[in-house]
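Numbering (the numbering used here), first residue to last: 2 to 170.
Glycine is no exception: its CB is placed at the ideal position from the N, C-alpha and C atoms.
Below is one structure, written out as structure tokens, with a few remarks after it.
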């Protein structure tokens, strides 16, 4: 099997398995290898619309190599701007342009890379198309700030899976 989803019963208590972990590695079974999988936890059964598919989509993101963008116990640095950040909300459920880019789902032609030196007091004029729209226009600008830090700018609208953006097209 390429992927297996193990679903716990809907009555599972939070103290048993609060959040469903993904395991992106191969396990041998009598029926053949399982290449990746995930277990559901109590998070799959939260009382909000779409909890099950949001959980499954988030965990599948891990199987593609995407990281959690939330931090437990400290202020969230990413907020609800990505399915990998707050998949238990009904706010912004699109993947960010950067997560799409590192997966190969956003082509290089839709990501402008600028160096910090190219950002001057006179500015740069770039027009970004909303990330949620399907087209070939520029979707994001990336500026590497160090070897491990990058600033990514994108345009988001209350379209697609992004429901609560205050800006309407």
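Residues of its chain near residue i, where Cβ-Cβ distance is below 7 Å and the 5 sequence neighbours each way are ignored
{"i": "residue 155", "result": "97, 98, 129, 132, 140, 141"}
{"i": "residue 40", "result": "7, 9, 18, 21, 22"}
{"i": "residue 67", "result": "85, 100"}
Beta-carbon proximity list for residue i, same chain, < 6 Å, skipping 5 on both sides
{"i": "residue 93", "result": "81, 82, 163"}
{"i": "residue 20", "result": "42, 44"}
{"i": "residue 12", "result": "none"}
CA-to-CA distance, residue j to residue i, given in whole angstroms
{"i": "residue 160", "j": "residue 134", "result": "8 Å"}
{"i": "residue 5", "j": "residue 124", "result": "49 Å"}
{"i": "residue 14", "j": "residue 121", "result": "54 Å"}
{"i": "residue 35", "j": "residue 60", "result": "16 Å"}
{"i": "residue 169", "j": "residue 119", "result": "At residue 169, the pLDDT of 44 sits below 50, so the modelled position is not reliable; the number obtained from the coordinates is stated separately. Looking at the two C-alpha atoms, the distance is approximately 31 Å."}
{"i": "residue 64", "j": "residue 87", "result": "17 Å"}
{"i": "residue 46", "j": "residue 16", "result": "14 Å"}
{"i": "residue 173", "j": "residue 31", "result": "Past the edges of the chain, shown from 2 to 170, lies residue 173, and the structure says nothing about it."}
Reference residue i, options the options, closest by Cα
{"i": "residue 127", "options": "114, 136, 50", "result": "114"}
{"i": "residue 109", "options": "10, 137, 146, 55", "result": "137"}
{"i": "residue 100", "options": "148, 9, 117, 143", "result": "143"}
{"i": "residue 95", "options": "118, 150, 55, 63", "result": "55"}
{"i": "residue 62", "options": "79, 119, 24, 147", "result": "24"}
Own chain residues within Cβ distance below 8 Å of residue i, not counting five before or after
{"i": "residue 112", "result": "98, 102, 139, 140, 141, 142, 143"}
* Asked: Where in the stretch 32 to 110 do unbroken runs of the alpha helix (DSSP H), each at least 4 residues long, occur, reported from the N-terminal end onward?
  -> 52 to 64, 98 to 104
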